[in-house]
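See structure below.
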Amino acid sequence: MVGLTEPLIRVRGPPIPAAADGTLGGMTVLELVNVSKSFGEGPAAVTALDQVTLSVGPGAMVAVMGPSGAGKSTLLTLAGGLEEPDEGEVRVGGAPLSLLSRNDRARLRRRVIGYVFQDYNLLPGLTAAENVSLPLELDGVPARKARAAGTAALERLGLAGRAGHYPDQLSGGERQRVSIARAVVGERRLLLADEPSGALDSASAEAVMDLIRAACDRGVAAVVVTHDPHLAARASRVVAIRDGHLVSQARHQAVTRSEMPAWEDR
Ligand SMILES: Nc1ncnc2c1ncn2[C@@H]1O[C@H](COP(=O)(O)OP(=O)(O)O)[C@@H](O)[C@H]1O
Ligand SMILES: [Mg+2]
């Protein structure tokens, strides 16, 4: 269990106000409050997210579903501090990202947030172990210690025997597990995964979901974009998004099969 009672990060400035739902800053890992984001200008402008509010606590796994172009990736990108909203506020560990310096935001992305990209994003010239330990090394952890943490993360994911392999020597499922190991190595508190099982067969997809669940059971908060109702059913909450709006925050029991086909975009 990660130390969830400590503040995730410290920021200078005034105390962080309580969120609308009464949760005190610091108790919730991720909060989006009335977040909007558009791309382009004038008549060509596209509203990717429109007044989205979402709160994810420690140990929660939120599945995000919706058709192509609904704003799912934009939601993750803003949550991960990779882009800034036009309006509204994103808080991680209670800290409004807009109040952090560029350096603090970069540090937050390295230490607190794990991002799983759909196409894995492994560096081809590095072994599995080197890919996993890289974020720690970038963060100043001595190489030997970083490598040990990387190897331990790979072992937890059943990849001990693949530590010295390069990405092109791994199967798609193994590559995805390496990218998840990289996202959870160290003491990450927030896992953001964009269709992590999109390219996998059902057994590998199930294994990926097991790993994300295991991280949540350790107290990590996760937001997982998925098209697979079977996988979404394993989340603690399902959020549907359509044209940039959150249209429901149903518990998975409330999600009906008949709604699913419309959400598929593949
Ligand atoms: N960098 C960008 N530049 C222009 N338009 C973008 C950009 N990113 C996303 N969009 C647009 O915003 C909308 C939401 O995109 P996205 O969040 O990628 O949807 P999803 O992941 O649900 O398929 C789409 O209409 C998309 O074309
Ligand atoms: Mg997307």
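Quick note: the sequence shown uses the numbering used here, first residue 140, plus one each step.
All C-beta atoms in this analysis are idealised placements derived from N, C-alpha and C, irrespective of residue type, glycine included.
All values reported here derive from a predicted model rather than from experimental measurement.
{"Item": "Following a CB-centred definition, is V185 positioned closer than 6 Å to any heavy atom of ligand 1?", "Value": "yes"}
{"Item": "Please indicate yes or no: does the CB of K211 lie closer than 6 Å to some heavy atom of ligand 2?", "Value": "yes"}
{"Item": "Are the CB atoms of D367 and S212 within a distance shorter than 7 Å?", "Value": "no"}
{"Item": "Just to check, is the beta-carbon of G208 closer than 6 Å to a non-hydrogen atom of ligand 1?", "Value": "yes"}
{"Item": "Per the DSSP calculation, L256 is bridged to which residue(s)?", "Value": "In the sequence on display, residue 256 carries Phe and not Leu. According to DSSP, which records beta bridges pairwise, F256 is partnered with nothing at all."}
{"Item": "Pull up the distance between the alpha-carbon of S318 and that of N260, whole angstroms please.", "Value": "7 Å"}
{"Item": "Would you check whether ligand 1 has a heavy atom nearer than 6 Å to the C-beta of F256?", "Value": "no"}
{"Item": "Shortest alpha-carbon distance to G233 belongs to which of G253, D225, M166 and R314?", "Value": "M166"}
{"Item": "Under 6 Å Cβ to Cβ from R373, same chain only, skipping five residues before and after it: list those, please.", "Value": "M348"}
{"Item": "Can you check DSSP and say which residues form a bridge with R376?", "Value": "V201"}
{"Item": "Taking the C-alpha atoms as reference points, what is the distance between G279 and R246?", "Value": "11 Å"}
{"Item": "With distance defined between alpha-carbon atoms, name the residue in A354, D225, A291 and A184 nearest to I252.", "Value": "A354"}
{"Item": "Quick test of your reading: R295 and P274, contact by CB under 8 Å. State the CB separation rounded to the nearest angstrom.", "Value": "Not confirmed; about 16 Å, so no contact."}
{"Item": "On the CB-based measure, 16 or more other CB atoms within 10 Å of its CB, does N270 come out buried or exposed?", "Value": "buried"}
{"Item": "Just tell me which of E170, S207, E180 and H369 has its CA closest to the CA of Q190.", "Value": "E170"}
{"Item": "Buried or exposed for E313, please, with buried defined as at least 16 other CB atoms from any protein chain shown within 10 angstroms of its CB.", "Value": "buried"}
{"Item": "Would the segment 187 to 203 and the segment 277 to 291 be scored as touching if the rule is three or more Cβ pairs under 8 Å?", "Value": "no"}
{"Item": "Select from G181, I380, N242 and K176 the residue whose C-alpha is nearest the C-alpha of T216.", "Value": "K176"}
{"Item": "Please return the same chain residues whose Cβ sits closer than 7 Å to the Cβ of G142, not counting the five positions on each side in sequence.", "Value": "Legend: pLDDT at G142 = 40, less than 50; position of this residue unreliable, no value from coordinates given."}
{"Item": "Please state if the CB of M204 and the CB of A371 are separated by a distance shorter than 7 Å.", "Value": "yes"}
{"Item": "Going by C-alpha to C-alpha distance, which of L236, L265 and G219 sits closest to V255?", "Value": "G219"}
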